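Protein chains in written order, with this note's numbering: chain A, 1 to 251; chain B, 1 to 361. Where a beta carbon is used, it is the ideal one built from N, C-alpha and C, also for glycine. In this text the structure is predicted, and so the values were computed from the model without any measurement. The structure under discussion appears below in the form of structure tokens.
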């Protein structure tokens, strides 16, 4: 269970980005953070992971306030996959082992290796283990970065636009894979995502950020024409095709 | 929490063990090259002692004459090349990581020149100057290495603080950082020249000697100082090897993996500045070794700092020993200044790497 209460964040220059953010998500939930550019979506993710420090509020995961944890303790609870590709020239297997960084004292243990092996298999990356990351395609790189985050054994997985560099097929494959692993391991995923239809397909909770505040939150019912019009300033129809909810923009 | 992880069908781990073994083998090969170069360097010189005589002397069975040559001339020179080369390469390796700048090194950022100015100030203005005035030129030694080191470190640190402040500004490209380094270098070089203008003859001799770079000057005391500090820095860098690997993926990712990025950056830069400043204080400004050595090693190890850190140290020692051999052999028996030689050999090498492997730099 993840509960965010009264979170406020402003940059040192004084501009307030997030105002009194509160919401909660059950363990194993797949939560989409939606909103227009500059609404504070990425800022919100970074506040959960000490990359930015909120001025007030709390982020409780199973009763522990993440904001009071040290960086290395936090890294055992929360994993983050940044937007865009990593330029690191490391092998895929080393990149996965890097996910064990919060647990590594001096060397790598058999347990670290075992977890990396399992995740490698689960994400279907076995055949790429010894390749250098910068030789892989965008979809493969994204899978490796997600695998690295899973190797951290987090309770919460933060994804900042995980599909922005992927083609259609890879978008569905990567998100489907992550959702599967998260459900299996009971990981709560918080995903910043621009594509509403992709969000509707894979997420079970939705949160609209608008002007730095929570505009609406809930299940798929909150993704309706009224909310879309207010948040994005654009008309849209919401239909059901083959039992799947889809958003059709009507500019 | 303890679950079992079957390792039976582990295709990846087996090849990973092989992969690791290959990297260790590469490091062992570098070490072998270094040892061979050390032995070869010990036998080259104007007095014509053979390797056998050198080894006998080292084992304590030499004559008074060979002992004097080996322990007071050749061994210190070789040891200096090894520790200074390693120090410069280590500092370049860590700087390139924490500044996210493949062109960073003590000499390209102006840290070395800042340290040189600090050391010159100590020698000329603070009289940390010269012993053995009687036979100046052959036996110029720094009378208080402590003062010189502190001043060199202060000079280098001034540049480092400036570079770090610059790196915190948004949108400063790696190239801009290096251009700022060029500006700082020329400022410090100008200041050093001004100091020389007001110095007396012996002081000028000392300062000039060492702006050329001279591997023959440090005594055992200075070698031990550089060696021990570099060893401490090497252990610090190795301790942080996974942190550097994490930082390769960007500051945000590193933080999410539990790395205290600010602390790592400041501590690493301080360590880099200290070992580079120490080298400059006792040997003079030596360019390019710190920049080129880590890039040469990257070709074998990728950006894996578990291997890149020790590899860079070995590579730096090898490069500087090679430079020393060249400086001794081109116009033998005249020994050319090592600073000029590394610049002459390092610059084309660096340009070649720049154009050949642009995508990786």
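{"Item": "Neighbour flag for residue 126 of chain B against chain A, beta carbons, 8 Å", "Value": "no"}
{"Item": "Start-to-end residues for the alpha helix (DSSP H) that takes in residue 147 of chain B", "Value": "145-168"}
{"Item": "Nearest-angstrom Cβ-Cβ length linking residue 35 of chain A and residue 209 of chain A, presumed shorter than 8 Å", "Value": "4 Å"}
{"Item": "Residue environment, residue 175 of chain B, which counts as buried when at least 16 other CB atoms sit within 10 Å", "Value": "exposed"}
{"Item": "Contacts that residue 90 of chain A makes with chain B (C-beta to C-beta distance below 9 Å)", "Value": "245, 248, 249, 302, 303 and 304"}
{"Item": "Three-pair Cβ contact test at 8 Å for the stretch 177-189 of chain B versus the stretch 254-270 of chain B", "Value": "no"}
{"Item": "Unbroken alpha helix (DSSP H) run spanning residue 173 of chain A, endpoints", "Value": "168-185"}
{"Item": "The beta strand (DSSP E) enclosing residue 294 of chain B, as first and last residue numbers", "Value": "Premise fails: residue 294 of chain B lies in the alpha helix (DSSP H), 289-301, not in any beta strand (DSSP E)."}
{"Item": "DSSP-derived helix/strand/coil call for residue 77 of chain A", "Value": "coil"}
{"Item": "Helix, strand or coil at residue 231 of chain A [DSSP, three-state]", "Value": "helix"}
{"Item": "CB contact below 8 Å: residue 12 of chain A versus chain B", "Value": "no"}
{"Item": "Proximity to residue 299 of chain B [Cα-Cα], best of A/61, A/223, A/57 and A/89", "Value": "A/89"}
{"Item": "Contacts that residue 288 of chain B makes with chain A (C-beta to C-beta distance below 7 Å)", "Value": "Under the 7 Å cutoff, chain A gives no residues; its nearest Cβ is about 22 Å from residue 288 of chain B."}
{"Item": "Interface flag, residue 3 of chain A vs chain B, CB-CB below 8 Å", "Value": "no"}
{"Item": "DSSP bridge partner residues for residue 64 of chain A (one or two, in chain order)", "Value": "A/61"}
{"Item": "Collapsed DSSP secondary structure at residue 114 of chain B in the structure displayed", "Value": "helix"}
{"Item": "C-alpha distance - residue 33 of chain A paired with residue 190 of chain A, whole-angstrom precision", "Value": "7 Å"}
{"Item": "Among B/216, B/277 and B/106, nearest to residue 120 of chain B - alpha-carbon criterion", "Value": "B/277"}
{"Item": "Touching by the beta-carbon criterion (3+ pairs, under 8 Å), the stretch 106-114 of chain B and the stretch 267-276 of chain B", "Value": "yes"}
{"Item": "Residue 2 of chain A in three-state terms, based on DSSP", "Value": "strand"}
{"Item": "Below-8 Å beta-carbon distance, residue 311 of chain B vs any chain A residue", "Value": "no"}
{"Item": "Proximity below 8 Å, CB of residue 322 of chain B to CB of residue 37 of chain B", "Value": "yes"}
{"Item": "Coarse secondary structure for residue 16 of chain A, derived from DSSP in three states", "Value": "strand"}
{"Item": "Contact residues within the stretch 45-62 of chain A, judged by C-beta distance below 8 Å to chain B", "Value": "46, 49, 50 and 51"}
{"Item": "Bridge partner(s) assigned by DSSP for residue 226 of chain A", "Value": "Answer is none; residue 226 of chain A lacks a bridge partner."}
{"Item": "The alpha helix (DSSP H) enclosing residue 263 of chain B, as first and last residue numbers", "Value": "261-283"}
{"Item": "Check whether residue 93 of chain B and residue 319 of chain B have beta carbons under 8 Å apart", "Value": "no"}
{"Item": "Buried/exposed call for residue 76 of chain B, threshold 16 Cβ in 10 Å", "Value": "buried"}
{"Item": "Residues that residue 158 of chain A bridges to, as DSSP identifies them", "Value": "A/80 and A/190"}
{"Item": "Check whether residue 97 of chain B and residue 263 of chain B have beta carbons under 8 Å apart", "Value": "no"}
{"Item": "Identity of the residues DSSP links to residue 241 of chain A by a beta bridge", "Value": "A/244"}
{"Item": "Residues of the stretch 63-80 of chain A whose Cβ lies closer than 9 Å to any Cβ of chain B, in chain order", "Value": "70, 71, 72, 73, 74, 75, 76, 78, 79 and 80"}
{"Item": "Residue 295 of chain B burial status per 10 Å Cβ neighbour count (16 or more: buried)", "Value": "buried"}
{"Item": "Near-chain A residues of the stretch 157-190 of chain B - C-beta to any C-beta below 8 Å", "Value": "none"}
{"Item": "Where residue 354 of chain B sits in the DSSP three-state scheme", "Value": "helix"}
{"Item": "Contact check, residue 69 of chain B vs residue 49 of chain B, beta carbons under 8 Å", "Value": "yes"}
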